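Residues 1 to 215 in the UniProt record's numbering are what the sequence shown spells out, letter by letter. Please read the structure below before turning to the comments.
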Amino acid sequence: GTIVAPLDYGVLGKSNNWFSFEDVSGVSIIGRGTFDAKGPSLWACKASNSNSCPSGATTLSFTNSNNIRINGLTSLNSQMFHIVINGCQNVHLEGVKIIAAGNSPNTDGIHVQLSRNVEILSTSIKTGDDCISIGPGTENLWIEQDLKEEGVQNVTVKKTVFSNTQNGLRIKSWARPSNGYVQGVRFIDSVMRNVQNPIMIDQNYCPRNENCPGQ
């Protein structure tokens, strides 16, 4: 079945998350159900440059949790990020499908940070932002067969396909001095189709080149 968010984006828009799990262990979300967050109305508000738009909610978030399994879920039109894994260990995502319009802002598919031992397998991700974003404190991350001050280390991305995207494989960091690092990253068997920047390593990241020196 499908769980549908309220049409009024303000109901969820001022909260951080639609579905949030914190300090849990052994949670499984399995099946072919859909979360439909009804994001387009909020995206339109942001596109109008109105100052009254809320930030929006992440559809599904796990924080400080262990032994999490997500299998077969579809996330549709999230207001912000679709799935966030933050401060977790032993997380397995497989057969997940994520869909949002190409012009949808900040609709990252899966964001992982401060987490260890995360597997992302056989996913299909089409969004307006990053398909899979990897934040600081991520260790032992395995990504395979995806159609898509601490550091990041031991990341393997294998058998991925990128189609009609701005960027393919990208590593980026703000320009400020930092003790952070990226190490032990492997990209294996990646296919690019109509990708503007297939491989990008950017140590001076600054969106729109505005207000970035202190980031």
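Every residue, glycine too, gets a C-beta built ideally from N, C-alpha and C. Note that this is a predicted model, so its numbers are computed, not measured.
Check: For P40, which option in F162, S115, A101 and L93 has the closest C-alpha, if you only look at C-alpha atoms?
Finding: Taking the sequence shown and counting its residues from 1, one reaches residue 40 at position 40. Answer by Cα proximity: A101.
Next item on the list: Figure out for me which residue from S173, T59, N103 and V191 has the closest Cα to the Cα of S163.
Entry: Your numbering for residue 163 matches position 163 in the sequence shown. It is V191 whose Cα lies nearest to the Cα of S163.
Check: Is any beta-carbon of chain C found at less than 9 Å from that of H111?
Finding: In the displayed structure, chain C is absent; only one protein chain is listed.
Checklist line | Inter-residue spacing [alpha-carbon to alpha-carbon] between A5 and G13 | finding: As a first step, residue 5 is located in the sequence shown; it is residue number 5 there, counting from the start. As a first step, residue 13 is located in the sequence shown; it is residue number 13 there, counting from the start. Going by the C-alpha atoms only, they are around 11 Å apart.
Next item on the list: Return yes when the C-beta of E22 is under 8 Å from any heavy atom of the ligand ATP, and no when it is not.
Entry: Because no ligand of any kind appears in the structure shown, any question about the ligand ATP cannot be addressed here.
Notebook entry, point to check: Relative to the alpha-carbon of A36, which residue among L121, S178, E119 and H82 has its alpha-carbon at the smallest distance?
Noted result: As a first step, residue 36 must be located in the sequence shown, where it is residue number 36. Per the sequence shown, residue 36 should be read as Asp rather than Ala. From the listed residues L121, S178, E119 and H82, the smallest Cα separation to D36 is found for H82.
Item checked: Three or more C-beta pairs below 8 Å linking the stretch 89-96 and the stretch 48-58 -> No: fewer than three Cβ pairs fall under 8 Å.
Next item on the list: Compare the beta carbon distance of T63 and E119 with 9 Å and say whether it is the shorter of the two.
Entry: Mapped onto the sequence shown, residue 63 falls at position 63. Mapped onto the sequence shown, residue 119 falls at position 119. Taking 9 Å as the Cβ cut-off, T63 and E119 do not qualify as a contacting pair.
Next item on the list: Name the two residues that bound the continuous beta strand (DSSP E) containing N18.
Entry: For the purposes of this step, residue 18 is taken as residue 18 along the sequence shown, with counting starting at 1. Looking at the sequence shown, residue 18 is not Asn but Trp. Its beta strand (DSSP E) spans residues N17 to E22.
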